[in-house]
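The sequence shown runs -21 to -1, 1 to 654 under mature numbering (1 follows the signal peptide of the UniProt record, and there is no 0). To start, the structure under review is shown below, and the notes come after it.
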Amino acid sequence: MFKPNGLSLLCLLSLHQVACLLEDSGPLENKVFYVEEGKVGSHYLYTFKFQPPTYSVRLTGETNHLIEITPNDGVLIVKGPLNWEKKRQYRLQLEGLNQSGNRVQEPYSVIINVVDINDNPPQFNQSIYSGEVRQHSLPGKPFMYVAAFDLDDPSTLHSKLSYSILQQFPSVEGTEMYFQIDNVTGAISTTLAVILLPENSTKPHPMKITQVQWNDPHATYELQHKDKSSIELPFTVDQNGTVYVTKPLDREEKDYYSFYIFANDEEGDKLAYPITISVQVVDINDNPPVCDKALSKFEVQENEGVGNLIGIVLASDNDEKGSLNSRLQFTLVDQNPKIPQDNLFRIELRTGSVHLFRMGLNREVATTYKLKVNVTDSVFSTICNVQIHVIDINDKIPIFEKPDYGTVIIAEDQAKGSPIFKIQATDADDPSTGSSQIIYTITKVRLYENAKIGTNVTTVKAFDPEGSPVRYFLRKTDPKWLEIDPVNGHIYTVAQLDYELFPAYIVEIVATDESRPYKSSVAQLILHLEDINDNGPYLVNESVFLCHPLQKDQSAKFEVADPDSVSQNLIYFLTGGEDNWYISKMDGNQGYISPKNLNLEEKVYHVPLQINDGGNPSVVAGVNLKGATIGVLVAVLLVIGVILGLVFLHLKKKKKNEQNVAAVAIRPSELATLN
């Protein structure tokens, strides 16, 4: 399979080499060649031609075992990759020799210059650079330099370097880069004046924050928005270039400002590009913690294990996220009632998660506990209230409202996401608590892979009053065709349904509560698909036989089938060969083909048919009926062979059925469930 490709490639390579031999050749003389570095493998350079008394040539000099010449042919070859960085030029001598090996032509100079390619990355002369810049330094004035070099040829563009800054650390979201670099010299300077202002300052305002100056003493200064916003900035600039903040800033309202300062001449024209002033508002701890809920309610079972999570107290702080000002700590300061003992619960200092600390919960002693949790950010404190309800032990199983949901019929092209039905289950444990909450899952589902996507089956909303996470799961099936929505209790399909492959689906639905230990209950659902017309008709046997010579009223029967149950009215007719054949219909699925021309020779004929299944919408199929006219004796033998084959097939099938009956016993109740 691969040999023709290999031969084709070899032919192309040979033609290319011959072209080089014809074009790049000449007499013995001084020559200079240019060879690009990095070429892998041997490659041809030149052919030196010679004639008597010269019968061979000899190459000496800086060959470095990379350059050689064929003595008798004069073909100069480079045998491997050259490296410009290691050796940029090879100086060689070429001599003409007679039959005795003596020199008869003077040595000629052969110089091979290596051409550089861009195969070296730039390298900095230091791995780390350090610099310092004063807070109000003039933007654009370099305060440090970086330098890099490249090992490629400096006379080419391969070693021409360009500097750029990729990223700054720390980066401030929503701001431009604080620094810039000259792409030629590597000089680094500031791009803007950066001012850090603490929020909610109590100093008198307006308050000076910086000053800009132009070298023209008559210059005036103007402050403008960068984005041409109509919102008034809390900054001003006077005619001396002094910039003021006009009021205390609040980081929670806006944490960053950026604006332009222009220098104008006496006529109001701009003297230069504007300077960008950026103000970063620094957070202070001026916000107290806030409880997410006025009262956090959790549940705990009487037999809950020590250390188990009961719930999480949620609180927030409007100070800067991730800073010490918004870092919260939780402590438990009171439990009421303190029976059968105090400190039944504990709370995690950093997360606010509440856990059972001691055994002793008893609904007959106390059904509800009230906790006070102190939340602090090291400056401000808040009390969050927690209510814990002691609930019944989870010892009742969930019960479906029906043990058997019977038969449901849906169309196989049911729209994605449409519900089939909704199931309900109840639990006899303490109502409205985690002990009575139920989760529905689907298990042991068997369905073909083309079951239709999106038909809804069941859903449920599960809630754990204790505050612990609820786990929803679906035991996967192979092939996977059903999913469960954990919110509304509907089952839906996730693969294409197909009536012809699997007209009925038996599903076991499991209802499970999430407590420990959990309880579960099972119900059964049978889905029957309603067939639609989605398959085309076809010929059962594509070949028929007619005895030769052909006789009047002679015909052969053929059979047409359609996988769809709704396709009952099949229509078929010729789409070619009408001069030689005609079709007559016997019943819905069978017909006859007869010769119209009795002079047809003995051979195989392909007769085109078109079959319409008569459905709504109808499906039309084009097929070829293969008819053969054969001699009478051959036809008789063929018929006998077919009869014998059917007899053997019948006996084999009968024996197999007897074995199956002996091996499998089916209960009547199992048969009844599928009806």
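Ideal Cβ placement from N, Cα and C applies to all residues, glycine included.
Do W193 and D132 come within 8 angstroms of each other at the CB atom, strictly closer than that value?
Stepping through the sequence shown from its first residue, residue 132 is reached at position 153. Stepping through the sequence shown from its first residue, residue 193 is reached at position 214. Contact: no.
Mind checking L136: buried by the 16 CB within 10 Å criterion, or exposed?
Along the sequence shown, read from residue 1 onward, the residue named residue 136 stands at position 157. Answer is exposed; the Cβ neighbour count stays below 16.
Could you check what DSSP says for S360 in three-state terms: helix, strand or coil?
Reading the sequence shown from its first residue, position 381 is the one you call residue 360. Of the three classes helix, strand and coil, the one that applies to S360 here is strand, per DSSP.
How about L250 and A198: are their beta carbons less than 8 angstroms apart?
What you label residue 250 is simply residue 271 of the sequence shown in a count that begins at 1. What you label residue 198 is simply residue 219 of the sequence shown in a count that begins at 1. In contact: L250 and A198 (Cβ atoms closer than 8 angstroms).
Candidates D129, I160, S138: closest to I144 by CA position
As a first step, residue 144 must be located in the sequence shown, where it is residue number 165. Of the listed residues, the one whose Cα sits closest to I144 is I160.
Leaving out five residues on either side along the sequence, give the residues of the same chain with a beta carbon under 6 angstroms from the beta carbon of I188.
The residue given as residue 188 occupies position 209 in the sequence shown. Closer than 6 angstroms at the Cβ level, and outside the excluded window around I188, lie I174, V222, V224.
Using 8 angstroms for Cβ pairs, my map puts S141 next to D129. What's the rounded Cβ distance?
By 1-based counting over the sequence shown, the position of residue 141 is 162. By 1-based counting over the sequence shown, the position of residue 129 is 150. The pair is not a contact, with the Cβ atoms about 11 angstroms apart (cut-off 8 angstroms).
Roughly how many angstroms separate the alpha carbons of N266 and N364, rounded to a whole number?
Position 287 of the sequence shown, counting from 1, holds the residue named residue 266. Position 385 of the sequence shown, counting from 1, holds the residue named residue 364. Looking at the two C-alpha atoms, the distance is approximately 20 angstroms.
What are the start and end residues of each continuous beta strand (DSSP E) run of 3 or more residues lying completely inside the segment 38 to 96, in chain order?
46 to 48, 54 to 57, 68 to 76, 82 to 94
Give me, in chain order, the residues of the same chain whose beta-carbon lies closer than 6 angstroms to that of V125; leave out the 5 immediate sequence neighbours on both sides.
On the sequence shown, position 146 is the one that residue 125 refers to. Cβ within range, chain order: Y108, G165.
Is the beta carbon of T33 sitting closer than 8 angstroms to the one on V83?
Along the sequence shown, read from residue 1 onward, the residue named residue 33 stands at position 54. Along the sequence shown, read from residue 1 onward, the residue named residue 83 stands at position 104. Yes, the Cβ-Cβ distance between T33 and V83 is below 8 angstroms.
Cut-off 7 angstroms between Cβ atoms - residues of its own chain near N282, not counting five sequence neighbours on either side
Residue 282 sits at position 303 when you count from the first residue of the sequence shown. Taken in chain order, the residues that qualify are I372.
Going straight from the alpha carbon of E47 to that of S106, what length do you get?
Along the sequence shown, one-based indexing puts residue 47 at 68. Along the sequence shown, one-based indexing puts residue 106 at 127. If you take the alpha carbons of E47 and S106, they lie about 44 angstroms apart.
Could you tell me the distance, in whole angstroms, from the CA atom of N559 to the CA atom of Q530?
Translated into the one-based positions of the sequence shown, residue 559 becomes position 580. Translated into the one-based positions of the sequence shown, residue 530 becomes position 551. One C-alpha to the other measures close to 13 angstroms.
Given E445, which residues of its chain have a CB within under 7 angstroms of its CB, disregarding the five upstream and five downstream residues?
Working through the sequence shown from its first residue, we reach residue 445 at position 466. Only weak support exists for where E445 lies, its pLDDT of 40 falling under 50; the coordinates are left without a value.
Measure the Cβ-Cβ separation of S305 and V292 and say whether it is below 8 angstroms.
Mapped onto the sequence shown, residue 305 falls at position 326. Mapped onto the sequence shown, residue 292 falls at position 313. Taking 8 angstroms as the Cβ cut-off, S305 and V292 do not qualify as a contacting pair.
Taking the beta carbon of A273 as the centre, do at least 16 other beta carbons fall within 10 Å, making it buried, or is it exposed?
Here residue 273 refers to the residue found at position 294 when the sequence shown is read from its first residue. Exposed.
Is it right to say V19 is buried, meaning 16 or more other beta carbons lie within 10 angstroms of its own, or is it exposed?
Taking the sequence shown and counting its residues from 1, one reaches residue 19 at position 40. Flag for V19 reads exposed.
Does S(-14) pass the burial test, meaning 16 or more other C-beta atoms within 10 Å, or should it be called exposed?
On the sequence shown, position 8 is the one that residue -14 refers to. Legend: pLDDT at S(-14) = 30, less than 50; position of this residue unreliable, value from coordinates given subsequently. Label assigned to S(-14): exposed.
Within 10 angstroms of the Cβ of Q314, are there 16 or more other Cβ atoms? Answer buried if so, exposed if not.
For the purposes of this step, residue 314 is taken as the residue at position 335 of the sequence shown. It counts as buried.
Taking V352 as part of the beta strand (DSSP E), name the residues at either end of that continuous run.
Stepping through the sequence shown from its first residue, residue 352 is reached at position 373. 347 to 355 is the extent of the beta strand (DSSP E) around V352.
Delimiting residues of the beta strand (DSSP E) encompassing Y108:
Your numbering for residue 108 matches position 129 in the sequence shown. Neither: Y108 is in no beta strand (DSSP E) and is coded neither H nor E.
Compute the beta-carbon to beta-carbon distance between D356 and N264, rounded to the nearest angstrom, for a pair I have assumed lies under 8 angstroms.
Stepping through the sequence shown from its first residue, residue 356 is reached at position 377. Stepping through the sequence shown from its first residue, residue 264 is reached at position 285. Yes, they are in contact, since the Cβ atoms of D356 and N264 sit about 6 angstroms apart, within 8 angstroms.
What number of angstroms, rounded off, separates the C-alpha of G515 from the C-alpha of L553?
Locating residue 515 in the sequence shown gives position 536, counting from the first residue. Locating residue 553 in the sequence shown gives position 574, counting from the first residue. Roughly 17 angstroms between the two C-alpha positions.
Thinking just about the alpha-carbon of each residue, which of S168, P177, T215 is nearest to the one in V191?
Counting from 1 along the sequence shown, the entry for residue 191 is found at position 212. The candidate whose alpha carbon is nearest that of V191 is T215.
Using only alpha-carbon positions, find the residue among F148, L212, G80 that is nearest to Y236.
Within the sequence shown, numbered from 1, the residue matching residue 236 stands at position 257. It is L212 whose Cα lies nearest to the Cα of Y236.
What is the C-beta distance between E178 and V261, in whole angstroms, given that I count them as a contact (C-beta under 8 angstroms)?
One-based indexing of the sequence shown puts residue 178 at position 199. One-based indexing of the sequence shown puts residue 261 at position 282. With a Cβ gap of about 7 angstroms, E178 and V261 count as contacting.
Out of F324, K575, K582, T472, point me to the one whose CA is closest to S522's CA.
Walking along the sequence shown from the start, residue 522 turns up at place 543. Comparing Cα-Cα distances from S522 to each of F324, K575, K582, T472, the minimum goes to K582.
Going by C-alpha distance, which of G433, L508, P482 is nearest residue 659?
Lying outside -21 to 654, the shown extent of the chain, residue 659 is not represented and no answer is given.
Spatial neighbours of residue 655 in its chain, beta-carbon cut-off 7 angstroms, leaving aside the 5 residues before and after
Nothing about residue 655 can be reported from this structure: the residues present for the chain run from -21 to 654 only.
For R325, which residues from the same chain have a beta carbon less than 7 angstroms from its beta carbon, with the 5 sequence-adjacent residues on both sides left out?
As a first step, residue 325 is located in the sequence shown; it is residue number 346 there, counting from the start. Cβ neighbours of R325 beyond the five flanking positions: L311, H334, F336.
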